[in-house]
Structure formats: structure tokens, C-alpha cells
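J.: Which chain is which? The protein sequence lines are H and X, in order.
Residue 167 is where the first sequence starts when you use our numbering, and the numbers rise one by one after that.
Residue 167 is where the second sequence starts when you use our numbering, and the numbers rise one by one after that.
For every residue, glycine included, the Cβ atom is placed at its ideal position computed from N, Cα and C.
Predicted, not measured: the structure shown is a model, and the values here were computed from it.
Number of protein chains: 2
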Amino acid sequence: MSIAGMITDMAKEGKLASRELRNLDRAKKDAALHLMAERLLEREEDILRENAKDLSQAKASGLSEAMIDRLTLNKKVLQEMSQGLQEVKALPDPVGEITGMWKRPNGLLVGRVRIPLGLIGFIYESRPNVTIDAAGLCFKSGNAVILKGGSEAIHSNMVLAGLLEEALREAGLPPKAVQLVPTTDREAVGILLGLEDYLDIIIPRGGEGLIRFVTSHSRVPVLKHFKGVCHVYVDEFADLGMAEDVCFNAKVQRPGVCNAMETMLVHEKIAPRFIPAMCDRFTHAGVEIRGCPRTLEFLPEAKPATKEDWPAEFLELILAVKVVSSMEEALDHIEEYGSKHTETIITNDYARAQRFLSQVDSSVVLVNASTRFNDGNQLGLGAEIGINTSKLHAFGPMGLTELTATKFIVYGHGQIRS
Amino acid sequence: MSIAGMITDMAKEGKLASRELRNLDRAKKDAALHLMAERLLEREEDILRENAKDLSQAKASGLSEAMIDRLTLNKKVLQEMSQGLQEVKALPDPVGEITGMWKRPNGLLVGRVRIPLGLIGFIYESRPNVTIDAAGLCFKSGNAVILKGGSEAIHSNMVLAGLLEEALREAGLPPKAVQLVPTTDREAVGILLGLEDYLDIIIPRGGEGLIRFVTSHSRVPVLKHFKGVCHVYVDEFADLGMAEDVCFNAKVQRPGVCNAMETMLVHEKIAPRFIPAMCDRFTHAGVEIRGCPRTLEFLPEAKPATKEDWPAEFLELILAVKVVSSMEEALDHIEEYGSKHTETIITNDYARAQRFLSQVDSSVVLVNASTRFNDGNQLGLGAEIGINTSKLHAFGPMGLTELTATKFIVYGHGQIRS
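1) Only counting the same chain, and skipping five residues up and downstream in sequence, which positions put a Cβ closer than 7 angstroms to that of residue 353(H)?
2) Between the segment 332-352 of chain H and the segment 260-275 of chain H, can you find at least three pairs of beta-carbon atoms closer than 8 angstroms?
3) Run through the DSSP bridge pairs and tell me what residue 399(X) is partnered with.
4) When the cut-off is 8 angstroms and only beta carbons count, does residue 516(H) lie next to chain X?
5) Quick test of your reading: residue 386(H) and residue 367(H), contact by CB under 8 angstroms. State the CB separation rounded to the nearest angstrom.
6) By the DSSP assignment, the beta strand (DSSP E) with residue 450(H) in it spans what residues?
7) Please go through the same chain and pick out, in chain order, the residues whose beta-carbon is closer than 6 angstroms to the beta-carbon of residue 409(H), but skip the five residues on each side of it.
8) Taking 6 angstroms as the limit between beta carbons, can you name the residues of its chain near residue 427(X), skipping five residues before and five after?
9) For the segment 483-507 of chain H, enumerate the residues whose C-beta is nearer than 8 angstroms to any C-beta of chain X, in chain order.
10) Does the beta carbon of residue 387(H) come closer than 8 angstroms to any beta carbon on chain X?
11) By the 10 Å Cβ neighbour count, where 16 or more other Cβ atoms means buried, how is residue 548(X) classified, buried or exposed?
12) What residue from 390(X), 219(X), 339(X) and 249(X) has the CA that sits closest to residue 287(X)'s CA?
13) Please classify residue 472(H) as buried or exposed, where buried requires at least 16 neighbouring CB atoms within 10 angstroms.
14) Listed from N- to C-terminal order along the chain, which residues in the segment 288-311 of chain X have their beta-carbon within a distance smaller than 7 angstroms of any beta-carbon of chain H?
15) What are the boundary residues of the beta strand (DSSP E) that includes residue 581(X)?
16) Does any residue of chain X have a CB that is nearer than 8 angstroms to the CB of residue 575(H)?
17) With a cut-off of 8 angstroms, does the C-beta of residue 223(X) fall near any C-beta of chain H?
18) Can you name the residues of chain H whose CB is closer than 7 angstroms to the CB of residue 369(X)?
19) Based on Cα-Cα distance, which residue from 370(X), 543(X) and 319(X) lies nearest to residue 388(X)?
20) Check the Cβ-Cβ distances between residue 436(H) and every residue of chain X, and say whether any is below 8 angstroms.
21) Please report whether the beta-carbon of residue 366(H) lies at a distance below 8 angstroms from any beta-carbon of chain X.
22) Quick one: does residue 194(X) have its CB under 8 angstroms from some CB of chain H?
23) Have a look at residue 510(X) and residue 564(X) and give me their C-alpha separation to the nearest angstrom.
24) Could one say the Cβ of residue 381(H) lies closer than 8 angstroms to chain X's Cβ atoms, at least one of them?
25) Take residue 178(H) as the anchor and find which of 278(H), 402(H), 361(H) and 306(H) has the nearest alpha-carbon.
26) Can you tell me whether residue 345(H) is helix, strand or coil according to DSSP?
27) Considering only residues of the same chain and omitting the five flanking positions on each side of residue 205(H), which have a CB-CB separation below 7 angstroms?
28) Verify whether the separation of the beta carbon atoms of residue 553(X) and residue 526(X) is less than 8 angstroms.
29) Closest to residue 476(H) by C-alpha separation, out of 437(H), 430(H), 351(H) and 520(H), would be which residue?
30) Beta carbon of residue 194(H), beta carbon of residue 283(H): below 8 angstroms?
31) Between the alpha carbons of residue 289(X) and residue 314(X), how many angstroms are there, rounded?
32) For residue 317(H), collect the residues of the same chain with a Cβ closer than 7 angstroms to its Cβ; drop the 5 residues on either side in sequence, then sort them by chain order.
33) Along the alpha helix (DSSP H) that carries residue 328(X), what are the first and last residues, could you check?
34) Determine the DSSP secondary structure at residue 480(X), reduced to helix, strand or coil.
35) When you compare the segment 227-244 of chain X with the segment 371-386 of chain X, are there three or more beta-carbon pairs, one atom per stretch, that lie closer than 8 angstroms?
36) Does residue 541(H) pass the burial test, meaning 16 or more other C-beta atoms within 10 Å, or should it be called exposed?
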């Protein structure tokens, strides 16, 4: 069979499965999640054997250390994956929630109820643990999912998808609720993106190249996250000790993730006191500073920032630093170069804090806290499937609730329109 | 200047205007809406003169009577348009609503607040009153909008857009908050669809051809409504008098709209009593019946339904009728041929009513009420900008709230991640 035929068949079967999932009781879903979590631990040997195939292929083809690290499964990682499924099991089921109900003048009782999205296409790169995370979240929220992982992880993903299917079967649920595209052929992605009659939504997770490809080719609606160019603005009225701790955390704690700070904006009034001490701490932690001309007055040895640095998502220990004359200038800078992801103000001024919160058009806007808190778990949504930087559907981190929609239900007694 | 250059400039200016609209107080928006409503009445003469140009061109090019009717403005239509703006003015402002707020274990106070989407591209056909409706809704919800109307209405739309701009200026607000693409060139649509860096969302409103074109070419997320193939299922336990009234209303009251019934499903147990009387009433109202073989047993003179009739959106006085052996068969039929728009069950059986509400995957699902109630106004959302039949963002009718997103705001006191 052609790849197109195979993937279309998967989509048809996924759609059928999604119909069964639509009204599944929480207890049944949780029982299946529990089985999945158990199978992950029981099948350790098989999983590590398949993962070893991916690893030796990765080494042979010269993948970077970082990539190989992301690809590697071991007992500890499997335990975390299993624990992740148990945590999703423990989260409330969003499906069936009535988000509002009201009576119309003609007696119609109108309500809005949460329903699953239907069939999700999830396209991702590298890490095989994402296979489990995504499957768990989609399933718990009542969605069927077709997973298309990276080719480097194909053996790992196949064995993982196999045990998920087994657990579904054992739980008496449609095994096609979670399917993995069993090929490394790149054509597969393009085919998925064209199946608008079966797929309700596509969620890509990976580098900017993958995301751009998906967005420009998909006929199915896409929830996506381009990049995180996150800013901390250290205001004139900041507590400088707090500013130092927050900025350090935002840049250094985990520089390779989307909610790490990439540009620090510093008000000119406190720049002479703040920048030297702060950047000394950064330099000791191995952070390369790229400064605007005014920053370089305090740090003559730092590298000058180029115009490419302001919109850059470095994802490593590099930080762009700019001195601004006013909060307005900081807001303008964020408006021009930001990615609508995460921005923080450090200030003790009430009015400025409120103004920053209302004027910054990002998915998460914080006062006096690290950008690293833009995360479903940290914000209290539970596990997340990704962060959406388009405003459509769910702006910001997406947990279980964000994998649902609402429909209207109407209780009448014969009403007609006149 | 090229069309591409012109439209890109409009998008840049619209984006700038959207930043000013983001935090506008309700009082200011309402004052501008009031001015717009007044200008519409004051400028009647200019508007009708420009509308006459469109009408004479339409007649010369042989447009259908129905199209010319939709294109025609007069005193009464202008009064309704003005009244529509006053009604939008009276609706609550969704922007700034805190939809939830909670405290995290580390003391972070996390909230979700409603914000405008940003810059909306609205692409529509024919009716010039839509220019005013769409502008009013987008503006009240804090969004800037670029309107691209049908070429038949270009003179009418230009004069309407002109007075909206005037009203904005007079209210001291950015005049580029509402812009109309001042050309009939079809290339303009394609250009708009590619401006993903400026536009936050595209809403097309028109025939299926336009919608398909927009969906398959847009790099900007699209909220769309393909078609309404709405069903009424008359259950074995229906009150047949109520069933007759609801079905008649759903089909005949306004057959040319998306929430009119297109297929009637009838349980076999009541078919012998229900179908002859019901279809007699339909036939007297000029409705053409296209029946399944079992329907034809009761209506030997009716036309047989072909397989094209089941997924058809007739939008006229034609009705497909099918006898089903069970509610399951009705649900399967809706699943296969429905458009996720609107479905109704007529029944007095409690369990069946509840099962229909939970199992039908449509934007509005009703018990014992006409499909014609799928409408923002009728359901209590206020005026609507359209009905979304994809589950993303807002499934069903979209009012002011559905033209917003939410962002997270976080109040901290120095929290960092460990």
C-alpha cells in the first residue's frame, strides 16, 4: 500500500476511535492510563533494546551529543515517563464540564459543555518520551491521536506505541485511539497535513523549521509555538537583589528551553548599579553578553549586540542586554522583537506593574517572577502538551482543558423561531 | 504602488492600531460606536448614491434577483444597520475579564485575562451591511480589522468604510482600526492570506468555494464555517404535533440559511403516522421531498433521494427524508453526512434526549427545538460574526467573547524556579 493510503486509513480508524472516546467515563480512561504506566515499567527490557538500535544508528550517522542525550532512554527516564502517565491519570477529566448554562426569554435552556477536539495529529522531533506524554494527554482529554515522531527515534517510538496499543486493548478500549506512523518517510508529514476531513487539529512540536513547514502546508488547523524570545525588563524601581536572582534564574537555570530569557532590558537609572554586578555573575556562569552601546559603557569587554541578536532565540548561554531610557522604550522593544511568549517586569512600582501586565501582548506576562514559570505544570494546569504562541484557541501553555472545545446543548419544549 | 505593497501597508497600520485598541476603555469604544451609528443615518444620501452605482453595475452584468436583493440598501436597511451598532454598543465589553485566578503553592498568583485577538482579516461576499456588522463587532472586542468585501459592493463598502473612519477620527481613536481593501482585484485575498506576521486571524464568510479557497491558501489561522447540513431526528417517542411544528419551522421559516434543516430522519415506528401528514404540510408550502425507499412507501409520488442528497446543503425548499430503524442509525447517519453544525432530536424519552445531546458532535445540539436557534443572538451571545464549524477556538456561533483570547498574568514577589 502507498504511504498516502496507509496514513489515510490510519486517519479513518483514528476518527472511528475518536467517536468511541467521545463519551468515555473518566474511570475507564484512568484504568487504561494505569495499564499504560505499568506496561512501561514491565517492558523495560524490550524498550531499551529498541532504543539501543536508535542510539547506535544515531552514533553511526554522527548525531550531536546533545541529540543523542535527548534520544537516550534508561530505567530512570522510563520511571519518569510512567510517573507522568500516573500524574495525567490523577488530573481531573475536562470532558463533560458545563462551562455555563442560562435560560433564554423563550424558555430555551442553553448550556456549553466541554467535548474532545476529536482526532489530533501530533508531529514531533527526537525525544521518545514525548510519545508517551502526548499520548497520555490526548487520550485523557478524550481525543484520538496520530503520532508522527522523528526518524531517529523510530525503533523506540514503535515499541512504545505498541505497548500503548496493548494497554488499550487490555482495557477494552479502541486500540486505534493512539497510533504511531510506522515509517521514517518524510512524505508522511505532508500527507497528514492534507487530511482535513479526518483530523481536527495538528500540533507540531520541534524546531522553527518544522513549525514553519507545518504551518505553510497544513489544511488542518495548527496549534503551534514558533519560538520564545523572552524578555525581562528591570525597571527603575526594581529591587536590584530580586532582579539579579530572577534574571539569573531566567537565563541560567535551563538555557535550552523556550521560556529562558534571551534579552534583558535595563532602565538607564539603575543600569550603572545593576549591569556590572549582574553581568559579573552571568560571566562567572559562562554566559556570553551581547550588549547595546550603552551597555558596553559598563562592560567594555563585552561583545556588541548586532541587529540579529534582538529577535534571536539563542537557546544557550548567550544574553542580549539593552539599556532603555523609559518603560515605554522597553514596551516598544518587546512589541518589535518579542515572540508573544513570556515577558517579566521587575519593579516595586504599582502602576508600572499593572501597566506592564495589561500592555504586553504575550501568552504569559509576569511581575517579579522568572520567565521560567511559563509552563503548564508551574502555572497549575497540570502537564502540558506545548505552548501556543498564536492567540487562537488557547494562548500559552496547553494542558488537558486546552485539548478540548465546547459545544452548545439546548433543552427545549417545542420552541420555534418566528 | 503594487496591490501587495498596499495591502501589506494596511496590515502594518492595522497592527499599530490594534496596539492602541488593546487597552481602550469601554466608554471610549462605545462613544465611537455611537458616532458610527449616527453617521450611518446622517449620510443616507451619499450611501444610497454609491449603492446605486453598485446596483446599476449588478443589473448590467446580469446578477440574479436574489443577489441584487442582498446588495440593495435603503432607509430601512440603514436604520437596521445603525440599530445593530447600537446593540453592539450595549453589549458588555469582553476585554479585561478575569476568567479565573488562583494561587500556586509557591505564592505566585496566576490569572487568565481576556484580550483582543489583535488584527482580524474579514473576507466576505455581497451584502454591504456585513461591512458595518463586522466592523462593529471587531472594534467592540478591541480588534483592528481589515475588511475585504465582494467586488459587486465596492462602492457601497467604500462609502461605509469612509464614514467608519470618520467616526473613529472624531472619537479621537486610530482611524486605521477599521480598514477596507479599496480594490476589487481578486489578488488582494491571496495577499491577505499570506500576511501571517501581521494578521492574527482570518474569518471568511461566504459560499463554500470562498471558504475552501481561504482554508487551503491561508498561512494565517482561519475561523470558518463550511456548510450547514442540519438534521432533525424525529424519535419513536416524539410528540408528533411538536415534531411537525419544529420540522416545519426548521425547513420553511428561512430556507436559505445555514441553520435550516436539510435532512429529516424519522423513526420507523412513527413513520406511517408522521410522514404522510408532515409531508403534506411541506408540499403545500412548496417543499420538494426527496425520500429514501422506505419514505417513498408512504409518499409514492415523491422523488427518490440520490446519494448526493444526503450530504447536500440545499439552501432552498428541498428536503431529504430518511426512515431509520433505530436512534443508532440516526446517529450514524448524522456522523457520516452531517457538517457538525446543528442537529435536533424530537423526543419525550429522557434517556434518548440525554444520549443525543452527548453523542452528537455538532456545534449546537438541541432537544425539542428548531435548528434555527443556532444563532448568536438566539442563544444569548449577542450579535454574531459567524458560526465556526471547526472545533478550534470557538465551536458554533461567535459573538464578542469569541473574538477574544486569554493570556496569563502572574503576580510574584521574586519567585524563581529550582
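T.: In short:
1) Here the set comprises 169.
2) no
3) Answer is 431(X) and 511(X).
4) no
5) That pair is a contact at about 6 angstroms.
6) First-last for residue 450(H): 437-450, but that is the alpha helix (DSSP H), not the beta strand (DSSP E).
7) Residues of the same chain with a CB within less than 6 angstroms of the CB of residue 409(H), apart from the 5 flanking positions on each side, are 400 and 512 in chain order.
8) For residue 427(X), the CB contacts under 6 angstroms within the same chain, skipping 5 residues up- and downstream, are 396, 398, 416, 417 and 537 in chain order.
9) 501
10) The beta carbon of residue 387(H) falls within 8 angstroms of a beta carbon belonging to chain X, placing the residue at that interface.
11) Around the beta carbon of residue 548(X), 16 or more other beta carbons lie within 10 angstroms, which makes this residue buried.
12) Cα-wise, what sits closest to residue 287(X) is 390(X).
13) exposed
14) Residues of the segment 288-311 of chain X with a Cβ closer than 7 angstroms to any Cβ of chain H: none.
15) 570-581
16) Yes, residue 575(H) lies at the interface with chain X (some Cβ there is under 8 angstroms from its Cβ).
17) Residue 223(X) does not count as touching chain H.
18) In chain order: nothing, as chain H lies at least about 11 angstroms away.
19) 370(X)
20) No - not a single Cβ of chain X is within 8 angstroms of the one on residue 436(H).
21) yes
22) Taking Cβ atoms only, chain H never reaches closer than 8 angstroms to residue 194(X), which makes this a no.
23) 20 angstroms
24) yes
25) 361(H)
26) strand
27) 329, 332 and 333
28) no
29) Here the closest residue by C-alpha is 430(H).
30) no
31) In this structure, the straight-line span from the alpha carbon of residue 289(X) to that of residue 314(X) is close to 5 angstroms.
32) 350
33) 320-336
34) coil
35) no
36) Classified as buried, residue 541(H) has 16 or more neighbouring CB atoms from the shown chains inside 10 Å of its CB.
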